[in-house]
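For reference, the structure is listed below as structure tokens.
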């Protein structure tokens with residue numbers, strides 16, 4: 001089996017009404033579309049469904065649910081289930097590292113030989129709850145709709161020392177680590193140059209050299225790139241740390257791929273922006 005090379009970048013709820021014939025489970029159109037929220041009550045018996053298709057959704061919808069459109073369901077006994085990207089089947093935990101909340105999911109697609117588009121990986125963008133809320137003093141009086149149109153708010157998301165994670169799940173079965181390295185050389189390299197005005201070849205090489213040939217990327221592999229305190233970019237594959245690089249510019253360049261002016265998935269960016277604004281107002 002050969003590896004496919006990409007010559008370009010991976011640019012106290014009320015009791016629920018009795019219903020002897022409950023509806024079948026809903027399939028999510030997208031993780032950020034308000035779908036169904038199920039809450040386990042009492043001793044684990046009785047599920048209440050909260051759905052955008054409910055003719056009176058406010059009857060059972062808790063106030064916090066409006067801020068978490070990504071959650072398909074919630075069980076007090078077992079915790080929230082993963083969010084499933086409907087296009088690829090990739091699953092993303094709603095929370096990672098204790099307090100980083102899933103904001104939205106998307107898919108990186110590439111045209112192969114100009115013949116067809118291939119889903120290369122699904123991605124989820126996470127932000128630390130408390131870090132985002134640290135912007136409350138500056139933006140706390142703004143509504144969610146106002147924040148969505150406030151460019152300064154999103155500029156601060158990029159610029160401030162907020163902990164965030166980009167989690168990639170490989171869905172293309174023949175992806176090689178060399179393809180990933182080559183793609184990042186171009187996509188991250190172009191962002192470094194655009195954001196700084198220079199090529200920053202040494203910084204780019206420090207980052208791409210983390211993806212050594214010894215690492216394999218079968219379908220389902222997880223790559224995480226996290227902005228930690230002091231603008232440190234921490235990179236991991238399947239939980240194994242590859243290295244840490246302190247660079248505000250590099251962190252911004254990675255984020256720009258997914259929530260910048262020219263993101264890999266524009267629909268995902270819209271979901272992420274809405275979730276960020278909603279998270280601040282929780």
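In UniProt numbering, the protein residues as written are 1 to 282. Backbone N, C-alpha and C fix where the C-beta goes; we use that ideal spot for every residue, glycine too.
Query raised in the report: When the Cα atoms are used, what is the spatial distance from residue 203 to residue 184?
Result: Stepping through the chain shown from its first residue, residue 203 is reached at position 203. Stepping through the chain shown from its first residue, residue 184 is reached at position 184. Each residue's Cα considered, the two are about 12 Å apart.
**Report entry** Beta carbon of residue 162 nearer than 9 Å to that of residue 128
**Finding:** Reading the chain shown from its first residue, position 162 is the one you call residue 162. Reading the chain shown from its first residue, position 128 is the one you call residue 128. Closer than 9 Å, so yes.
Query - Cα-Cα separation, residue 112 to residue 171 - result: Reading the chain shown from its first residue, position 112 is the one you call residue 112. Reading the chain shown from its first residue, position 171 is the one you call residue 171. About 15 Å.
Query raised in the report: Mapping DSSP to helix, strand and coil, what is residue 86?
Result: The sequence position of residue 86 within the chain shown is 86, counting from 1. Looking at residue 86 - three-state DSSP - the assignment turns out to be coil, as it is neither helix nor strand.
Query raised in the report: Straight-line CA distance for residue 143 to residue 282?
Result: The count along the chain shown starts at 1 and reaches residue 143 at position 143. The count along the chain shown starts at 1 and reaches residue 282 at position 282. Within the model, the alpha-carbon separation for residue 143 versus residue 282 is close to 11 Å.
Query raised in the report: Thinking C-beta only, is residue 238 closer than 9 Å to residue 123?
Result: Residue 123 sits at position 123 when you count from the first residue of the chain shown. Residue 238 sits at position 238 when you count from the first residue of the chain shown. Inclusion of residue 123 and residue 238 in the CB contact set at 9 Å is not warranted, their separation being larger than that value.
**Report entry** Beta-carbon proximity list for residue 206, same chain, < 7 Å, skipping 5 on both sides
**Finding:** In the chain shown, the residue the question calls residue 206 occupies position 206. Excluding residues within five positions, the ones whose Cβ falls inside 7 Å are 245.
Query - Own chain, CB closer than 7 Å to residue 280, minus 5 neighbours either side, in chain order - result: Walking along the chain shown from the start, residue 280 turns up at place 280. If the five residues before and after residue 280 are omitted, its C-beta is found closer than 7 Å to the C-beta atoms of 132, 133, 135, 136, 139, 147, all from its own chain and listed in chain order.
Query raised in the report: Curious, which full-length alpha helix (DSSP H) runs of at least 4 residues does the segment 106–146 contain?
Result: When DSSP assignments are scanned along the segment 106–146, the uninterrupted stretches of alpha helix (DSSP H) that are 4 or more residues long and fall wholly within it turn out to be 129–133, 136–139.
Query raised in the report: Using a Cβ-Cβ cut-off of 6 Å (strictly less than) and excluding sequence neighbours within five positions of residue 93, which residues of its own chain qualify?
Result: As a first step, residue 93 is located in the chain shown; it is residue number 93 there, counting from the start. 82, listed in sequence order.
Requested in this report: Go through its chain and collect everything with a Cβ distance to residue 105's Cβ below 7 Å, but skip five positions before and after it.
Outcome: Mapped onto the chain shown, residue 105 falls at position 105. Cβ neighbours of residue 105 within its own chain (closer than 7 Å, five residues either side excluded): 31, 83, 85, 92, 122, 123, 124, 268.
Report task. Just the C-alpha distance for residue 154 and residue 197, rounded to the nearest angstrom, thanks. Result -> Sequence index remark: in the chain shown, residue 154 carries index 154 (1-based). Sequence index remark: in the chain shown, residue 197 carries index 197 (1-based). Roughly 21 Å between the two C-alpha positions.
Query raised in the report: Based on Cα-Cα distance, which residue from 209, 193, 165 lies nearest to residue 222?
Result: Position 222 of the chain shown holds residue 222. For residue 222, the nearest C-alpha among the options comes from 165.
Query - Cβ pair residue 257, residue 247 closer than 9 Å - result: Translated into the one-based positions of the chain shown, residue 257 becomes position 257. Translated into the one-based positions of the chain shown, residue 247 becomes position 247. No; because the gap between Cβ atoms is not below 9 Å, this pair is not in contact.
Query raised in the report: Can you tell me whether DSSP reads residue 92 as helix, strand or coil?
Result: Translated into the one-based positions of the chain shown, residue 92 becomes position 92. In the structure shown, residue 92 adopts extended strand secondary structure according to DSSP, grouped into three states.
Query - residue 269 - DSSP class collapsed to helix/strand/coil - result: The residue labelled residue 269 in the question sits at position 269 within the chain shown. Residue state, collapsed to three classes: helix.
**Report entry** For residue 227: DSSP bridge partner residues
**Finding:** Against the chain shown, residue 227 aligns to sequence position 227. Under DSSP, the beta-bridge partners assigned to residue 227 are 164, 233.
Query raised in the report: Among all the DSSP beta bridges, which residues are the ones paired with residue 245?
Result: Taking the first residue of the chain shown as position 1, residue 245 is located at position 245. According to DSSP, which records beta bridges pairwise, residue 245 is partnered with 233.
Query raised in the report: Taking the C-alpha atoms as reference points, what is the distance between residue 263 and residue 187?
Result: Looking up residue 263 in the chain shown gives position 263. Looking up residue 187 in the chain shown gives position 187. Taken atom to atom, the span from the alpha-carbon of residue 263 to that of residue 187 is near 11 Å.
Query - Cα-Cα separation between residue 242 and residue 96, rounded to whole angstroms - result: For the purposes of this step, residue 242 is identified with residue 242 of the chain shown, where counting begins at 1. For the purposes of this step, residue 96 is identified with residue 96 of the chain shown, where counting begins at 1. For the pair residue 242 and residue 96, the Cα-to-Cα distance works out to about 19 Å.
Query raised in the report: So residue 182 is in the alpha helix (DSSP H); what residue range does that whole segment cover?
Result: If you number the chain shown from 1, residue 182 lands on position 182. Residue 182 -> alpha helix (DSSP H) spans 177–196.
Report task. Would you decide whether residue 189 is buried or exposed? Buried here means 16 or more other CB atoms lie within 10 Å of its CB. Result -> What you label residue 189 is simply residue 189 of the chain shown in a count that begins at 1. Buried, because 16 or more other Cβ atoms sit within 10 Å of the Cβ of residue 189.
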